[in-house]
């Protein structure tokens, strides 16, 4: 069911970063009042739940926006021309963990925070993992700690609030659901 219509009046470029841009969008709301919203334009992203049949493989890495480490799935941007989300997920898993999935299953596709960004994230289950050369991209990935968790440890980490990253919460909950947990 659609809500009342907002009318786009225009957009103005504000700034460009390395992979995102910021624009200001101007609208008339349903009552005819003008309003402006800042919108972060993002190329999209992928995340992968690397599952070897017994354990999931995660990373604990520094996140500048948080000023510290965060436990999360391997993930990255859709920033390679012509690369599909599936290919990007496999690439990120290999780069960050040194594991290449032989099989990918889409678990979820959705917007990360639609109140201010158009970032669309694809979350995959990666199975049939094989060793691959790790190629960390940037100092955070190079310094990241690999963390492996069993099914029971995943459930405990979710219950205890150890996992606070949304894509990781979604991916791990989806894995547990698939495993009947």
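Numbering (the working numbering), first residue to last: 76 to 256.
Ideal Cβ positions, reconstructed from N, Cα and C, are used throughout, including at glycine.
**Whole-angstrom distance between residue 237 and residue 231, CA atom to CA atom** = 8 Å
**Message:** Counting C-beta neighbours from all protein chains within 10 Å, is the total for residue 258 16 or more, i.e. buried, or is it exposed?
**Reply:** With the chain represented from 76 up to 256, any question about residue 258 goes unanswered, as that position is not in the structure.
**Asked** Given residue 148, which residues of its chain have a CB within under 7 Å of its CB, disregarding the five upstream and five downstream residues?
**Response** 122, 123, 124, 133, 242, 243, 246
**Asked** Any idea what DSSP makes of residue 83, helix, strand or coil?
**Response** strand
**DSSP three-state assignment for residue 185, whether helix, strand or coil** = strand
**Asked** How big is the Cα-Cα spacing for residue 178 and residue 143?
**Response** 32 Å
**Prompt:** Between the C-alpha atoms of residue 118 and residue 102, what's the straight-line distance to the nearest angstrom?
**Reply:** 23 Å
**Asked** For the ligand HEM, is there a heavy atom less than 7 Å away from the beta-carbon of residue 245?
**Response** With respect to the ligand HEM, the structure shown offers nothing to examine, as it has no ligands at all.
**Prompt:** Taking the alpha-carbon positions, what's the residue 163 to residue 128 distance?
**Reply:** 22 Å
**Item:** Host alpha helix (DSSP H) of residue 246 (start-end)
**Value:** 241 to 253
**Item:** Exposure of residue 151, with buried meaning 16 or more beta-carbon neighbours within 10 Å
**Value:** buried
**Asked** Can you check whether the CB of residue 211 is closer than 8 Å to the CB of residue 171?
**Response** yes
**Message:** At 3 residues or longer, what runs of the beta strand (DSSP E) sit wholly inside the segment 94 to 182?
**Reply:** 96 to 103, 109 to 116, 120 to 125, 130 to 138, 143 to 147, 150 to 152
**Assumed close pair residue 113, residue 99 - CB separation to whole angstroms, cut-off 8 Å** = 6 Å
**Item:** Counterpart residues of residue 198 in DSSP-defined beta bridges
**Value:** 122, 183
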